[in-house]
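Undergrad: I'd like to ask you about the structure that follows.
Numbering (UniProt numbering), first residue to last: 1 to 149.
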């Protein structure tokens, strides 16, 4: 049917899947890293909001920066492999994440106002924030400068 290639683990990978990953490696890795950061964000938010009894704004304000630093570190080192202009890239990443923070809280507030609750709002906000932040970070924060990364 199709000829497979062996990946690093020795498992067969369809050639179309390898080619698709090759074309969209940064997006796939960003999604995986974002999933890890989102899980961290969500866990902190849920603990602070539901167990510690803080406001949704406070819980969001602690959860997001923690996830931002985790995401930046992994994306810079392992996904986009950037080693130059780290301070500027971090500042850019923080600005992009601030945009995501505002968009995320707007979704949380809208869901809460609609009677759906802040917890559901947090879940709903994740894909919205992902799309905004990937586009900005891939094209601004981690873009190659002068052929270097």
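Every residue gets a Cβ at the ideal spot worked out from N, C-alpha and C, and that includes glycine.
Return the chain-ordered list of same chain residues with a C-beta closer than 7 Å to the C-beta of residue 34, the five sequence neighbours on each side being excluded.
TA: The answer, listed in chain order, is 71, 130.
Undergrad: Within its chain, find whatever has a CB closer than 6 Å to the CB of residue 104; leave out the 5 residues flanking it on each side and keep chain order.
TA: For residue 104, where only same-chain residues beyond five positions count, the Cβ hits under 6 Å are 125, 129.
Undergrad: Along the alpha helix (DSSP H) that carries residue 51, what are the first and last residues, could you check?
TA: Counting along the chain, residue 51 falls outside any alpha helix (DSSP H), and DSSP gives it neither H nor E.
Undergrad: In whole angstroms, what separates the C-alpha of residue 101 from that of residue 15?
TA: Roughly 38 Å separates the two Cα atoms.
Undergrad: Using only the alpha-carbon positions, how far apart do residue 18 and residue 85 sit?
TA: C-alpha separation (whole angstroms): 31 Å.
Undergrad: So, using beta-carbon positions, are residue 108 and residue 121 closer together than 7 Å?
TA: Closer than 7 Å, so yes.
Undergrad: Spell out a yes or no on whether the stretch 39-54 and the stretch 80-94 are touching, meaning 3 or more CB-CB pairs, one atom from each, closer than 8 Å.
TA: Cβ pair count under 8 Å is below three, so no.
Undergrad: Under 6 Å from any heavy atom of the ligand ATP, does the C-beta of residue 94 make it?
TA: This structure lacks the ligand ATP, and indeed carries no ligand of any kind.
Undergrad: How many Å lie between residue 123 and residue 143 at the Cα?
TA: Rounded to whole angstroms, residue 123 to residue 143 spans 29 Å at the Cα level.
Undergrad: Using 7 Å as the threshold, is the C-beta distance between residue 134 and residue 30 below it?
TA: Result yes, Cβ atoms of residue 134 and residue 30 sit closer than 7 Å.
Undergrad: For residue 140 versus residue 92, is the C-beta distance shorter than 7 Å?
TA: A contact, by the Cβ cut-off of 7 Å.
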